[in-house]
Each structure stands twice: as structure tokens, then as C-alpha cells.
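Heads up: the sequence shown at position 79 corresponds to 79 in UniProt numbering, and the numbers run straight through without jumps.
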Amino acid sequence: MHAAVWHLQARTQAQTQARTQAQTQAQTQAQTQAQTQAQTEGQTQAQTQAQTQAQTEGQTQAQTQGQTQAQTLTQTQAQTQAQTQAQTQAQTQGQ
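Next comes the structure, spelled out in C-alpha cells:
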């Protein structure tokens with residue numbers, strides 16, 4: 001009688017342990033997947049933000065350089081024209 005009870009208890013305990021182990025593994029796997037997904041999404045978002053910022057800064061810098069060059073050229077041309085006109089007038093008046 002005692003042997004049968006002991007055998008039943010042992011089998012019940014083994015089943016309980018197996019279920020507990022299966023649940024623990026499932027929970028661990030689910031947590032690992034969730035953490036991995038969160039990390040991946042976080043990294044992807046950080047990379048996207050960094051790329052967007054780099055592109056924006058690059059574009060802004062290129063636009064600023066382009067505008068500065070255009071302004072410098074325009075100013076240089078205007079100054080050259082003004083000087084040429086002044087010299088021409090001076091020469092004309094001198095003659």
C-alpha cells in the first residue's frame with residue numbers, strides 16, 4: 001500500500017516538475033523574444049534618427065554653402081561692375 005502511494009506521489013511530482021519546467025521555458029522564451037524585439041526596434045529607431053539627422057545636417061550645410069557662394073559671386077560681380085563703371089566715367093570725364 002505504501003509503495004503504491006509512494007509511486008503515485010512520485011509520478012505526480014514528476015508531472016508537476018515537467019509542467020513547471022515547460023512553463024518556465026515558455027516564459028523565458030517569451031521574455032527573451034520580447035526583449036530582443038524591443039532592442040531591435042530601439043536600435044532601428046536610433047539608426048533612423050541618426051541617419052535622418054545626418055542627412056538634414058548635410059543638406060543644410062550644402063544649402064548654406066551654395067547660398068554663400070551665390071551671394072559672394074553676386075557681390076563680386078556687382079562690385080566689379082561698379083568699379084568698371086566708375087573707371088569708365090572717370091576716364092570719359094578726364095578726356
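Every residue gets a Cβ at the ideal spot worked out from N, C-alpha and C, and that includes glycine.
Every value quoted in this text rests on a predicted model; they were computed, and no experiment measured them.
Problem set entry | Distance between Thr74 and Gln89 (C-alpha atoms, nearest Å) | 22 angstroms
TODO: Ignore the nearest five residues each way along the sequence and tell me which others in Ala4's own chain have a CB closer than 8 angstroms to its CB.
DONE: none
Thr36 versus Gly66: straight-line alpha-carbon distance, rounded: 44 angstroms
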